[in-house]
Each structure stands twice: as structure tokens, then as C-alpha cells.
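Here the structure is laid out as C-alpha cells; the discussion comes afterwards.
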Amino acid sequence: MKAKASLTNLLIILAGASAVFGQPQPAQLEITVRDQVWYFDGGDVNRYSTSQDMVMVPKFPPFQPCVGIADVISVNGRPVKGALLMHGSQLLPSPNATPGRSISDIQRAALWSVYLEILETDGRQIGTLMASGMHGGAADTLPGGPKASAAAGNWAITGGTGAFLGVSGQIVVSGNVANQTVRFVSMETDPLIRRASGMGPVKYVVQLTRATEPEVARIPTGPAVFHSDFSPVTATSPAAPGEALIVRATGLGPVRGSLESGQPFPADPLAIVNSPVEVHVAGVSAEVDQPSRLEFTNRKE
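Note that numbering that gives the first Met the number 0 numbers the sequence shown so that position 278 is 277, with each residue one more than the last.
In C-alpha cells form, the structure reads like this:
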């Protein structure tokens with residue numbers, strides 16, 4: 000199936016498209032969250048969510064259950080909404096363990112199951128990532144992982160929905176965590192007050208390998224880029240500076256609304272791409288003319 004998009008620029012290359020054969024080029028997302036709080040089991044379930052004050056936890060020994068909650072505020076600097084939800088147990092493995100810590104060859108903190116849901120600012124869902132792994136650890140980068148300052152953690156992406164259907168990859172935590180007071184509180188703290196005294200911005204760096212790559216379709220004259228009259232852009236008919244062009248591409252992800260798998264896209268109204276689309280021109284981010292109007296043609300390939 001093909002997509003057409005009105006784009007303002009001379010040459011159009013879909014962000015993340017890879018011309019390299021073999022393993023797909025991973026995409027990297029910087030997801031920023033805010034008001035992150037860690038809740039630790041205090042033992043008395045009758046007191047859960049009852050306190051209107053942040054009840055700080057003095058210590059968190061191995062095997063203690065814990066939950067993390069934060070608000071997603073941006074992806075690669077673009078404002079979004081959403082939630083980061085984590086559930087796990089504090090294990091504290093260390094090769095230099097002291098009494099009360101777990102002896103191990105690795106240096107980590109808690110074992111987490113992670114749920115990361117991302118929404119447009121109007122509340123429309125973009126997609127969800129699920130991951131599992133260890134939090135904490137040394138401030139270095141995983142072999143082959145995303146390059147990030149003060150990186151820690153070791154999470155494998157186990158799957159996703161929506162824009163992230165079929166992805167794999169890994170996540171590390173980065174940013175200015177070390178310069179903040181981390182909120183470790185008892186589960187008796189009412190989670191309703193989390194935004195009143197949660198942490199400041201914290202960055203998670205996500206490296207994704209997608210099941211399919213976005214790519215510009217090709218026609219006999221080259222990339223499927225057209226003038227507004229649908230004549231192809233060629234060496235003998237080049238685009239003018241500032242001209243609005245049309246590109247046909249595949250791999251842009253799901254469309255809005257309910258559409259049965261394998262069915263052709265409707266002709267009226269045209270189906271709209273659900274996920275944000277970023278366009279690069281010669282490595283520089285380009286302006287996309289009304290990305291909410293990116294449309295699929297009613298054709299199969």
C-alpha cells in the first residue's frame with residue numbers, strides 16, 4: 000500500500016529509512032517523563048493510599064515490592080502525553096555486597112516490568128511499549144546500546160502496540176537523575192498527590208528496531224516524489240525552492256479509525272496516518288505541511 004504526503008522541501012527522505020542491507024538501522028527516541036515517584040511496600044495493606052503527605056521510605060531492602068509511576072511529557076523534544084508505569088521488586092545485586100544486599104557479579108537495583116504508553120496532546124493514542132529488565136547500575140552504556148550520558152539500567156523491549164507493533168530494542172535511563180532528589184515513598188502515600196511533589200524531568204533513551212522500515216517508493220524515474228500535478232520530480236523537471244511536493248511511501252504505521260487487516264484503504268474519506276511523521280532533508284529536519292493530513296491511497300501492492 001502507498002501513502003502520499005504534501006511536503007514542503009526540495010528533497011524528501013523519511014526519517015529513519017535505511018538504505019543499508021542486513022540488520023535494520025535502529026531508531027533512537029529520547030522520552031522525557033516528569034513527576035516520577037517510586038512506591039515501596041510498607042507491609043500494612045490497610046494503610047495503602049491513605050496518606051495525603053509523601054511518606055518517605057528510610058530503606059528498601061532486597062525482595063521489597065515496588066511500583067513506579069511518571070507522566071510522559073515529550074518524545075525527541077516534541078510535546079506528548081502518556082504514562083510510564085513500572086512494577087517489580089528491589090533486589091540490589093552487587094559484587095561488593097554488604098549485609099542486607101544480594102551478592103552477585105552484577106551491579107543493579109530493582110527488577111522491573113515496564114509499560115510505556117504515549118498519547119498525542121489531544122489524548123489520541125500513538126502506541127505502547129512493553130519492556131523488562133534491571134534498573135540502576137553503573138553509569139556506562141550497554142554494548143551496542145544508545146549513546147547517552149550518565150546511562151544506567153538494562154531493559155529489553157519485549158513488544159509494543161500501535162506505532163510500536165512488532166518492535167524490539169532496549170532502554171536506558173539518562174538525563175539529570177543524579178542531580179535530583181529521587182522520590183522513594185511508602186505505598187501508604189496517596190498516589191493522587193504524586194504530581195504535587197514528584198521528580199523533575201527524567202530522560203529515558205529508547206533504541207528501537209522495527210519490523211518494517213519506512214521508505215520512499217520507487218518509480219522508473221527514481222524516488223516517487225511528485226509535483227502538485229502528480230508529474231514526477233526528475234533531473235529535467237526539478238522541484239523549485241519552497242515548492243510543495245508529494246511523496247509516496249510505505250511503512251508509516253497504522254492509520255486512524257478501525258480498518259480490518261489486509262483490507263484496502265478507503266477512498267472517501269482517505270485514511271489518515273495515526274503516528275507523527277518526521278521528515279529529514281539531507282540530514283536536517285524539514286517542515287511537514289499539515290502532518291495530520293498525510294493520506295493513504297486506496298491501493299494494494
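Cβ atoms here follow ideal geometry from the backbone N, Cα and C, with glycine treated the same way.
**Asked** Which residues in the same chain have their Cβ closer than 6 Å to the Cβ of residue 85, if we skip the five residues on either side of it in sequence?
**Response** 67, 111 and 113
**Prompt:** Can you give the Cα-Cα distance for residue 90 and residue 172, rounded to whole angstroms?
**Reply:** 18 Å
**Request:** Could you tell me the boundaries of the alpha helix (DSSP H) in which residue 209 lies?
**Result:** No alpha helix (DSSP H) contains residue 209, which DSSP labels as neither H nor E.
**Message:** Which same chain residues end up closer than 6 Å to residue 59 when comparing Cβ atoms and leaving out the 5 residues on each side of it in sequence?
**Reply:** 39 and 89
**Prompt:** Run through DSSP, which three-state label would residue 72 get?
**Reply:** strand
**Request:** To the nearest angstrom, report how far apart residue 124 and residue 132 are at their CA atoms.
**Result:** 25 Å
**Cβ shell of residue 63 (< 6 Å), same chain only, five flanking positions each side left out** = 39, 40 and 89
**Asked** Quick one: what does DSSP say residue 45 is sitting in, helix, strand or coil?
**Response** helix
**Request:** Would you check if the segment 45-53 and the segment 180-196 touch, i.e. whether three or more CB-CB distances between them fall below 8 Å?
**Result:** yes
**Request:** Give the range of the beta strand (DSSP E) segment to which residue 247 is assigned.
**Result:** 243-249
**Request:** Identify which residue in 252, 107, 81 and 192 has its Cα closest to the Cα of residue 54.
**Result:** 192
**Prompt:** Just how far apart, CA to CA, sit residue 73 and residue 257?
**Reply:** 27 Å
**Request:** Please report the residue range of the alpha helix (DSSP H) in which residue 195 lies.
**Result:** 193-196
**Message:** Considering only their Cβ atoms, is the gap separating residue 182 from residue 196 smaller than 9 Å?
**Reply:** yes
**Prompt:** Skipping 5 residues on each side, what residues in its chain have a beta carbon closer than 7 Å to that of residue 61?
**Reply:** 89, 90, 91, 100 and 101
**Item:** Secondary structure of residue 64, DSSP reduced to three states
**Value:** strand
**Prompt:** Quick one: what's got a C-beta closer than 7 Å to residue 87's C-beta in the same chain, skipping five residues either side?
**Reply:** 65, 109, 110, 111 and 112
**Prompt:** Among 245, 273 and 241, which residue has its Cα nearest to the Cα of residue 251?
**Reply:** 273
**Request:** In the DSSP assignment, find the beta strand (DSSP E) that holds residue 55 and state where it starts and stops.
**Result:** Looking at the DSSP string, residue 55 is not in any beta strand (DSSP E), and its letter there is neither H nor E.
**Request:** Return the Cβ separation of residue 157 and residue 198 in integer angstroms, given the expectation that the two are a contact with Cβ distance under 8 Å.
**Result:** That belief does not hold up - the Cβ atoms of residue 157 and residue 198 are roughly 25 Å apart, past 8 Å.
**Item:** Cut-off 7 Å between Cβ atoms - residues of its own chain near residue 94, not counting five sequence neighbours on either side
**Value:** 103, 104 and 106
**Message:** Please classify residue 69 as buried or exposed, where buried requires at least 16 other C-beta atoms within 10 Å of its C-beta.
**Reply:** buried
**Prompt:** What is the DSSP secondary structure of residue 98, counted as helix, strand or coil?
**Reply:** coil
**Message:** Determine whether the beta carbon atoms of residue 164 and residue 253 lie at a separation below 9 Å.
**Reply:** yes
**Request:** With distances taken Cα to Cα, identify the nearest neighbour of residue 29 among 78, 35 and 43.
**Result:** 78
**Asked** Which one of 121, 153, 237 and 267 has the shortest CA to CA distance from residue 221?
**Response** 237
**Item:** Exposed unless 16 or more other CB atoms sit within 10 angstroms - verdict on residue 245
**Value:** buried
**Asked** What's the gap between the Cα of residue 229 and the Cα of residue 223?
**Response** 10 Å
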